[in-house]
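Some notes on the structure that comes next.
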Amino acid sequence: MNVINESGILAISTRLQRLADQIRKDGLLIYKANGIDFEPKWFPVIYTLHQKSILSVVEIAAEIGYSHPSTISLLKELEKKKLIRSRKDKSDERKRLLVLTEKGTELVTQMQPVWSVMTEALSSFTTDLIKAIDEVEEKMEQQSFYQRAQSIKNK
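Take the sequence shown: its position 2, counted from the start at 1, is 14 in our numbering, and no numbers get skipped.
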């Protein structure tokens, strides 16, 4: 065991980042092994538009939980790859609405069986991880890590 693992909860951010990086790296390998040209970082936008069909930039950012600038950067990349396209909202000219292109829809169709395999493979690790993440996210919405640390410090 290394020092980071031994530090327990103090290194949770580092360990979750390591875990996320490994899952992303393996995800890329899984897509490539299935002949799919897809970056795991595109998943939140592609999956959200697959589920919700048409959304504004602000709505996508809210759905995926990313900042507006990070979302814009991702959207530009996906538009360049011709997986999504935008159009002006008829009721509000300032608003851009995003949809999957035909190429994006075909890609989702190609990826769906792979997503099933990925879901099964990830589920084989643990059933409690998602529950634990849900619980932490819910509690952090009520009071952030920073707020909790401040209240402990001020006791």
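Even for Gly, the Cβ is constructed at its ideal location relative to N, Cα and C.
For residue j and residue i, believed in contact at Cβ under 8 angstroms, the rounded distance
i, j, result
"Val120", "His62", "5 angstroms"
"Pro52", "Leu41", "Actually they do not touch by this definition, with Cβ atoms about 10 angstroms apart."
"Val10", "Leu110", "Look at the range of the chain in this structure, 13 to 167, and you will see that residue 10 is not part of it."
"Leu86", "Trp54", "7 angstroms"
"Ile76", "Thr60", "6 angstroms"
Given residue i as reference, the closest of the options once Cα atoms are compared
i, options, result
"Pro56", "Ile164, Leu112, Ala133 and Asp104", "Leu112"
"Val126", "Asn46, Arg30 and Thr117", "Asn46"
"Val134", "Leu22, Ile35 and Ser19", "The question names Val, but residue 134 in the sequence shown is Leu. That would be Ile35, whose Cα lies nearest to the Cα of Leu134."
Whether residue i touches residue j by CB criterion (9 angstroms)
i, j, result
"Ile58", "Gln122", "no"
"Lys100", "Arg108", "yes"
"Gly116", "Ile142", "no"
"Glu91", "Ser98", "yes"
Unbroken stretches of the beta strand (DSSP E), 3 residues or longer, contained in the region 97 to 159: 104 to 112
Three Cβ pairs or more, each shorter than 8 angstroms: is that satisfied between the region 65 to 84 and the region 32 to 39? no
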